[in-house]
């Protein structure tokens, strides 16, 4: 009967690629759990982690004679303490997507956003327009939003493109269509 160990290493690496950047470790990381099953899988996952560290972190990891810490642990530590875009040290998560480790500069540059107050004041949207679906707009999809603590109180941020699209949609619904006016020229009467 085929097992996970009988798969070629390339296939195991492909399976690992879907869990390598997973940051939810409530039940332990999948790479660590998989490497604890057999010696063969441990060596395959160690090699996979070594390649990731070399490619992503530009760290040249040579095999020591006696292994003290696993490269899986080193990879997980690096991926959870480094901005995924500029590779600077950061434990901060992106406001709009908390699954991404992102420094404040990259978060500001790559994910344009605005506060709920700006969306309400500058774009004339109500909370019912922003937090959908609700009784006013039951069929609208929810907007991408996140929150962070600013000066001791939570601030809600929305994706700027989503707010602009929602403003266009809501403001477009409010305008009444005028009937086209027909202009009769004197030349037509003659």
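Residue numbers (the numbering used here): 2 to 191.
Even glycine gets a Cβ: it sits at the ideal position worked out from N, Cα and C.
Asked: Considering Cα atoms alone, identify which of 164, 96, 136, 155 is closest to residue 121.; Found: 164
Asked: Short check: CB of residue 130 to CB of residue 171, under 8 Å?; Found: yes
Asked: Could you have a look at residue 125 and say whether DSSP puts it in helix, strand or coil?; Found: coil
Asked: Measure the C-alpha to C-alpha separation of residue 106 and residue 138 and round it to an integer number of angstroms.; Found: 35 Å
Asked: Taking 8 Å as the cut-off, does the stretch 49-58 touch the stretch 78-85 (at least 3 CB pairs, one atom from each stretch)?; Found: yes
Asked: Among 50, 134, 83, which residue has its Cα nearest to the Cα of residue 19?; Found: 50
Asked: Who pairs with residue 83 in a beta bridge, going by DSSP?; Found: 90
Asked: According to DSSP, residue 147 sits in a beta bridge with which residue or residues?; Found: 158
Asked: Does the structure place the stretch 82-99 close enough to the stretch 25-45 that three or more beta carbon pairs sit under 8 Å?; Found: no
Asked: Out of 168, 40, 38, which one is the CA nearest neighbour of residue 126?; Found: 168
Asked: Can you name, in chain order, every residue of its own chain whose Cβ lies under 7 Å from the Cβ of residue 17, other than the five neighbours on each side?; Found: 32, 46, 49
Asked: On the CB-based measure, 16 or more other CB atoms within 10 Å of its CB, does residue 37 come out buried or exposed?; Found: exposed
Asked: How big is the Cα-Cα spacing for residue 141 and residue 133?; Found: 6 Å
Asked: Check the DSSP bridge columns for residue 55 and list the partner residues they point to.; Found: BP columns for residue 55 are empty, so no partner.
Asked: If you reduce the DSSP assignment to three classes, tell me which class residue 114 lands in.; Found: strand
Asked: Using 8 Å for Cβ pairs, my map puts residue 30 next to residue 6. What's the rounded Cβ distance?; Found: 20 Å between Cβ atoms; not a contact.
Asked: Can you give me the Cβ contacts of residue 117 inside the same chain, cut-off strictly under 7 Å, excluding the 5 residues immediately before and after it?; Found: 131, 157, 159
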